[in-house]
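In my numbering, the protein residues as written are -15 to 658. Just so you know, even glycine gets a beta-carbon here, dropped at the ideal spot from N, CA and C. Please read these numbers as outputs of a predicted model, since none were measured by experiment. These notes are about the structure you will find just below.
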DNA sequence: GCAAGGTC
């Protein structure tokens, strides 16, 4: 008997082979793909890893040209499965192995997409060898117990589960492709400049646009606060207990009254000890929240984390899990970390007799929370790698440490019957914050005071300020909000944000929607609201659950979605002109670089017929003023002109570095990019 | 040249 085992990825294949063969598996390359061979209980095994999905859903060749079929008709074309570009070798290897084996065991991740990935592998091997006997191994961690258990209790492939993932694929493609084409064609955006629409990206962009509108329409209101400068051995300040006064006169009266007293009397002192609990283990979202606060973009942080993962320094960075699995030996891991830059931290924690890690709300089955897996020294890694490694290592330590203990003191002081209040903060025990010092609140030490004490009044000031609009979402906060709304997955959220940048829908950091981003969302909200709402995802989730349970048919989900799309397109087609012109107008606004020095027209970023970008005058051909632009790298306009020659400035940067202000006039010395 | 989801 000989059996082929199909895993989700190469790493998993290797682990599974090692476990099942007790380390005796031989690695052989077939079509450049590593395959692991061994014998076990008289059966020969070959284990291969896929690369996630190996088949891709797309429309038939004849419809790939955007003008070959109307967008609304595209939704009625059945897409077909094709081998993904990067998976050709794997498919060749699968085919070879299908001929040589009598059975196949699907051992992909135990989740919805994993089931479909397995079925894709089956599609390939069954096509070559229909007589293959098929089984499924389900394990929730790549540990010896789990994997052994799964292979001793093989089950059947769950075609309902894989169909639920397929319905997602079909719905996403139909909505995404047809609306992307529609909106791009309506606004004349072709080639690299197309505009896109999708079930996840559009609601995400809408979050940013909504927030931006809140900020823009925010009307600041003035308010006044009264602050007393006080002294009792040390100087400190206290604010009037009313907080913000909306009425200046009222504030003034309070100030006058308080100013009248030379001394204040301590009216109340409340001291409390507060426990400050250690944080839960990292899942992807929490990790990205912290990494982006350290100045990384989410995509960059993920790339660095993946790099650390493949080099054995940290565990798999794509996870929803916030509970360490029982199989993770914390003590061994700390022993290992004694060889890292954090040997003293590891030793301290090892001294705790019983390690009780914190646990978060999500116990997922596919991967553990993000934690260090190997010891690293600063010199082993580059700067970014070290920053991420340190963050992960410190978080791991924090989850094993005891709570921090804060002493919080609230003092109220009476100045001529006006009450002023201030809070002190002191750490009695830093606890976990010693290991994870990133966001430790600042201590504020107040002088010792008891009720009835006299406090010298040095002055009473009125501070004028105004209410502030809400903040923009940072990338980390946006990812957290996406997670809350069920938008995207741990593996895709950061990519979705990058996509919004790539489309020119947002710019800068934190991401700020551009006119075209706003215009696209406004057009969709008005005419195709469904796609801009997170609800579309939750509806789809419900449908998928029903398909997985066998209560609903895959075909029903696809048909319902198609009916909805048909209705959406009736409205969209009616308003095509309007939609197109409003988006075009926004795009034009985005292209303005500045004023033309020759004729007073507008200088615009333009694409030549051959696709090269340059700056030209809006009065072309009357005015032929133009400037060359670098063809590669990110471009943005600055809102000021060159000091040397008066031409507009652009912000220009290649790669990751900060953008530089450069004059667009090549003859000007301020135009040097280097 | 489309989406989102896996993985690299």
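Residue 258: member of the beta strand (DSSP E) spanning 247 to 260, first to last residue.
Residue environment for residue 202: exposed (fewer than 16 other C-beta atoms within 10 angstroms of its C-beta). In the DSSP secondary-structure assignment, residue 211 is bridged to 223 and 445. Excluding its 5 nearest sequence neighbours in each direction, residue 19 has C-beta neighbours in its own chain below 6 Å: 12, 30 and 32, listed in chain order. Counting only residues of its own chain and dropping the five nearest sequence neighbours on each side, residue 388 has a CB closer than 7 Å to the CB of 260, 411, 413, 414, 415, 416 and 417.
In the same chain as residue 400, and ignoring 5 residues on each side of it, the C-beta atoms closer than 7 Å to its own belong to 241, 242, 244 and 245, in chain order. In this structure, DSSP gives residue 655 a helical state, which the three-state scheme calls helix.
Within the same chain, Cβ atoms closer than 7 Å to the Cβ of residue 152 are found at 524 and 528, the five residues on either side in sequence being excluded. Apart from sequence neighbours up to five positions away, the residues of its chain that approach residue 300 with a beta-carbon distance below 8 Å are 293, 351, 352 and 354, ordered along the chain. Here DSSP, grouped into helix, strand and coil, assigns residue 499 to helix. The secondary-structure analysis by DSSP pairs residue 18 across a beta bridge with 13.
Segment contact: the stretch 472 to 480 against the stretch 178 to 195, three or more CB-CB distances shorter than 8 Å; contact assigned.
With respect to the 9 Å criterion, residue 225 and residue 447 are not classified as neighbours on the basis of their beta carbons. In this structure residue 174 does not touch residue 164 by the C-beta definition: roughly 12 Å separates them, more than the 8 Å allowed. Along the length of the stretch 448 to 482, whole alpha helix (DSSP H) runs at least 4 residues long occupy 459 to 469, reported in chain order.
Counted as a single uninterrupted DSSP element, the stretch harbouring residue 429 is not any beta strand (DSSP E), since DSSP gives it neither H nor E.
In this structure, residue 341 lies near residue 308, with their beta-carbon atoms less than 9 Å apart. In the same chain as residue 566, and ignoring 5 residues on each side of it, the C-beta atoms closer than 8 Å to its own belong to 503, 506 and 507, in chain order. Residue 439 and residue 216 do touch by the CB rule: their CB atoms are close to 5 Å apart, below 8 Å. By the Cβ test, the stretch 481 to 495 is in contact with the stretch 450 to 469, since at least three Cβ pairs between them sit closer than 8 Å. When secondary structure is reduced to three states using DSSP, residue 92 falls in the coil class, being assigned neither helix nor strand. Taking 8 Å as the upper bound for CB-CB distance, residue 145 and residue 99 are in contact here, some 4 Å apart.
Annotation for residue 379: no beta strand (DSSP E) segment contains it, though the alpha helix (DSSP H) segment containing it runs 367 to 384.
By the C-beta density criterion, residue 536 is buried, having at least 16 other C-beta atoms within 10 angstroms. In terms of Cα proximity to residue 43, the closest of 157, 126 and 214 is 157. A Cβ-Cβ separation of about 4 Å places residue 134 in contact with residue 121 under the 8 Å criterion.
Beta-bridge partners assigned by DSSP to residue 438: 249.
Among the bridge pairs identified by DSSP, residue 206 is matched with 450. In terms of Cβ geometry, residue 170 and residue 560 form a close pair [threshold 9 Å].
Leaving aside the five residues that flank residue 208 on each side, the residues in its chain whose CB is nearer than 6 Å to its CB run, in chain order, 229, 232, 235, 446 and 448. Where residue 407 is concerned, the enclosing beta strand (DSSP E) starts and stops at 402 to 413. The alpha-carbon of residue 104 is positioned some 57 Å away from that of residue 204. Classified as exposed, residue 139 has fewer than 16 neighbouring CB atoms from the shown chains inside 10 Å of its CB. Taking the Cα positions, residue 108 is about 16 Å away from residue 17. In the assembly as shown, residue 55 is a buried residue. Its beta-carbon has 16 or more other beta-carbons within 10 Å. If you check the CB distance, residue 34 and residue -7 come in under 9 Å.
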